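Using our numbering, read the sequence shown as starting at 2 and increasing by one per residue. All C-beta atoms, glycine included, are put in the ideal place defined by N, C-alpha and C. What you are looking at is a predicted structure, and each value in this text was computed from that prediction instead of being measured. First the structure, in the form of structure tokens, and then the observations on it.
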Amino acid sequence: MTLNQRVYEEMKGQLLSGDIAPYQRLKTSALADVYGVSLNVVREVLNRLAGEGLVHLEPNLGFRVRGLSREDLTDLVEQRISVESIALRKCIARRSEEWQSLVLAAHHRLEKTPLRPEARATELNPVWLSRHDEFHRVMMEGCGSPRLFRLVRLLADEAELYHRALLPQMARDQELKHEHQLFVDAILDDDSDGAVAVLVRHLEGTRDLMLPLLPVTPTSQKAA
Numbered sequence: 002m003t004l005n006q007r008v009y010e011e012m013k014g015q016l017l018s019g020d021i022a023p024y025q026r027l028k029t030s031a032l033a034d035v036y037g038v039s040l041n042v043v044r045e046v047l048n049r050l051a052g053e054g055l056v057h058l059e060p061n062l063g064f065r066v067r068g069l070s071r072e073d074l075t076d077l078v079e080q081r082i083s084v085e086s087i088a089l090r091k092c093i094a095r096r097s098e099e100w101q102s103l104v105l106a107a108h109h110r111l112e113k114t115p116l117r118p119e120a121r122a123t124e125l126n127p128v129w130l131s132r133h134d135e136f137h138r139v140m141m142e143g144c145g146s147p148r149l150f151r152l153v154r155l156l157a158d159e160a161e162l163y164h165r166a167l168l169p170q171m172a173r174d175q176e177l178k179h180e181h182q183l184f185v186d187a188i189l190d191d192d193s194d195g196a197v198a199v200l201v202r203h204l205e206g207t208r209d210l211m212l213p214l215l216p217v218t219p220t221s222q223k224a225a
């Protein structure tokens, strides 16, 4: 693994986990010290993350972690539905038993993992978050198009910022569990229409509970 790749993966992991908070300024000199690398490496990594939509480069101000807003979430979910519906239909149309087995295994791991840590109901279990992401990744991975799958993952990473920040505040635990089972049922039945209907319900239901928790102001207009 190259130095750039190592720093990229570490920084991206901190962004997706919420360790680096939304809207936070990203000072290249401070990051260079944290990761023990040159300013050039940090700039290259930040530009790569900006290309993935996880950070923004603001003229004369530098880099900042992308913010969260109603406008942005609404657009993000709309695009996820469009792209993931295509990917999911392609997955089911291929009728791969190997893919179905991988989905079942990922779902089993997710179901065996508590969503919230015991005695800490206002938090989410980081292992559950990881396995939830794994389930959705595996479910889309059988689409047969690396380009389409990359787009799916790009949007999923952006959505993860919202999940980490807002899911702990939401009471949707049982609905999520039920919808994950509906995904599996539709996949095993080769029911692409049913699977897409669950996808829309899953993404829109989460969006609708997140929207009241978000500022109306677009991310680009929020004050520093």
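- Rounded to the nearest whole angstrom, the C-alpha separation of residue 58 and residue 64 is 4 Å.
- Distances from the alpha-carbon of residue 93 to those of 171, 193 and 81 put 193 closest.
- The residue among 168, 153, 188 and 184 with its C-alpha nearest the C-alpha of residue 80 is 153.
- For residue 184, DSSP assigns no beta-bridge partner whatsoever.
- Taken in chain order, the complete alpha helix (DSSP H) segments of 4 or more residues contained in the segment 47 to 134 are 71 to 95 and 98 to 112.
- Comparing alpha-carbon positions, the option among 26, 175, 74 and 47 lying closest to residue 211 turns out to be 74.
- Distance from the CA of residue 162 to the CA of residue 206, rounded to the nearest whole angstrom, comes to 17 Å.
- The beta carbons of residue 90 and residue 197 sit closer together than 8 Å.
- The Cβ neighbour count for residue 88, taken over all protein chains shown within 10 Å, is at least 16; the residue is labelled buried.
- Shown here for residue 36: same chain residues with a beta carbon closer than 6 Å to its own, the five before and five after excluded, namely 8 in chain order.
- Here the alpha carbon of residue 116 sits roughly 19 Å from the alpha carbon of residue 139.
- Residue 177 carries a helical assignment under DSSP once its states are collapsed to helix, strand and coil.
- The segment 15 to 30 makes contact with the segment 42 to 57: 3 or more CB pairs, one atom from each, lie closer than 8 Å.
- Secondary structure at residue 152: helix, using DSSP grouped into helix, strand and coil.
- In terms of Cβ geometry, residue 100 and residue 143 form a close pair [threshold 8 Å].
- Sequence-distant Cβ neighbours of residue 46 in its own chain, meaning closer than 7 Å and more than five residues away, are 5, 8, 9 and 12.
- Here the alpha carbon of residue 173 sits roughly 10 Å from the alpha carbon of residue 179.
- In chain order, 21 place their CB closer than 7 Å to the CB of residue 15, counting only its own chain and leaving out the 5 sequence neighbours on each side.
- Across the structure, residue 78 and residue 166 are spaced so that their CA atoms are roughly 16 Å apart.
- Taking the C-beta atoms as reference points, residue 82 is found nearer than 8 Å to residue 204.
- In the three-state reduction of the DSSP assignment, residue 215 falls in the coil class.
- Per the coordinates, the alpha-carbon of residue 131 lies some 11 Å from the alpha-carbon of residue 107.
- In the DSSP assignment, residue 27 forms a beta bridge with 64.
- DSSP places residue 207 within a helical segment (H, G or I) once states are collapsed to three.
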